[in-house]
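Please read the structure below before turning to the comments.
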Amino acid sequence: MKTTSCTLLIGLIALTCSCLAQDKLGAAPVDFDKPQTNIPHGKIDTLSYPSAVVGKDRKALVYTPPGFSANKKYPVLYLLHGIGGDEKEWFVNGQPHIILDNLYAEGKIEPMLVVLPNGRAMEDDRAIGNVFDSVKVQAFARFEQDLLQDLIPFIEQNYPVYTDREHRALAGLSMGGGQSLNFGLGNLESFAWIGGFSSAPNTKTPEELVPDAAYAKSKLKLLWISCGDEDRLITFSRRLHDYLKKHQVPHLYYVESGGHDFNVWKNDLYWFSQKIFK
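For reference, each letter of the sequence shown is one residue, going -21 to -1, 1 to 257 in mature numbering (1 follows the signal peptide of the UniProt record, and there is no 0).
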């Protein structure tokens, strides 16, 4: 009886330490986002897909890894931008293709496709004018249906990718971080790997995001929550972390040095990409 009780106690302590504590990842190496000429490179292209939700063709970027082959199957990461961006925001400011190429060269990540969509699901989806206009903000919520009903099926019909939830990840920065938590946790039958980088006020309350802790535990492969320690939006990440900790839902909570900017988000992508599809 004493042995059984001790074993249970050790198991409980291990669960708490491994799943609920803030993760100490630190900063990526200084050259993690610098182009390397002597390594294989992936490709990043623009695609156009028909959106029944919006009623027009929409654009996205897609990154295919070094050595991409139509004869292999790949998992997919859908990577979302912020309220002032579009499908090119990550490409221009974060250069994920460089970060991922370098990680592939070091053998640190699994081969994957990365899709960079426009998360503003409306007819004129350009990041112009007042990006905080209520109609445009609502378009970010509407993107959930565009993603699930139009973009994901298009990718799965036109690229050699796996179609099950365990080979599908969703992550994003700021407004896109809120979208990733809202859409991912709201559709756990579609996503097993979810990441919110500096998630914005569009993030639903923890009670809405995780109404059934047991169900979330059974479905999640990774729930990542991160934010810069100088970011005023950290309250949204912290409240979710506190709720998940209270309800014993495994997750990774990463508070890093920095504010609300791409120095933080590139660092997030560096670490998050190494943890998915493994």
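A virtual CB, placed ideally from N, CA and C, is assigned to each residue, including glycine.
Nothing here was measured: the structure is a model prediction, and the numbers come from that model.
Annotation: P44 to V228 spans about 32 Å, alpha carbon to alpha carbon. Residue environment for V94: buried (at least 16 other C-beta atoms within 10 angstroms of its C-beta).
In the structure shown, the three-state DSSP call for V228 is coil. Taking the Cα positions, D112 is about 22 Å away from T184.
DSSP places A150 in the uninterrupted beta strand (DSSP E) bounded by R147 to L152. The Cβ-Cβ distance between L26 and A39 falls below 7 Å. If you check the CB distance, Y28 and L164 do not come in under 7 Å.
Taken in chain order, the complete beta strand (DSSP E) segments of 3 or more residues contained in the segment 155 to 221 are 172 to 176 and 201 to 207.
If you compare the alpha carbons of P180, R147, Y194 and P139 with that of N50, the shortest gap goes to P139.
Nearest in C-alpha terms to A6, of all of K257, A193 and W244, is W244. The DSSP assignment places no complete run of the alpha helix (DSSP H) inside the segment 82 to 116 (cut-off: 4 residues). For D24, the uninterrupted beta strand (DSSP E) run begins and ends at K22 to S30, by DSSP.
Residue environment: I18 is assigned as exposed (fewer than 16 neighbouring CB atoms within 10 Å of its CB, all protein chains considered). The beta carbon of D65 sits closer than 6 Å to the beta carbons of N97 and A106 from its chain, once the five residues preceding and following it are set aside; these are given in chain order. Contact between the segment 8 to 18 and the segment 72 to 92 is established, with three or more Cβ pairs separated by less than 8 Å.
Non-local beta-carbon contacts of D36 in its own chain, meaning distances under 8 Å to residues more than five positions away in sequence, involve S27, Y28, P29 and S30 in chain order.
Collapsing the DSSP output to three states places A39 in a strand.
Taking a C-beta distance under 7 Å as the contact criterion, F122 and A100 qualify as a contact pair.
Within the model, the alpha-carbon separation for S236 versus G207 is close to 5 Å. Residue pairing of Y53 in beta bridges, as defined by DSSP: V140.
When the beta-carbon positions are compared, G157 and V110 stay at least 7 Å from each other.
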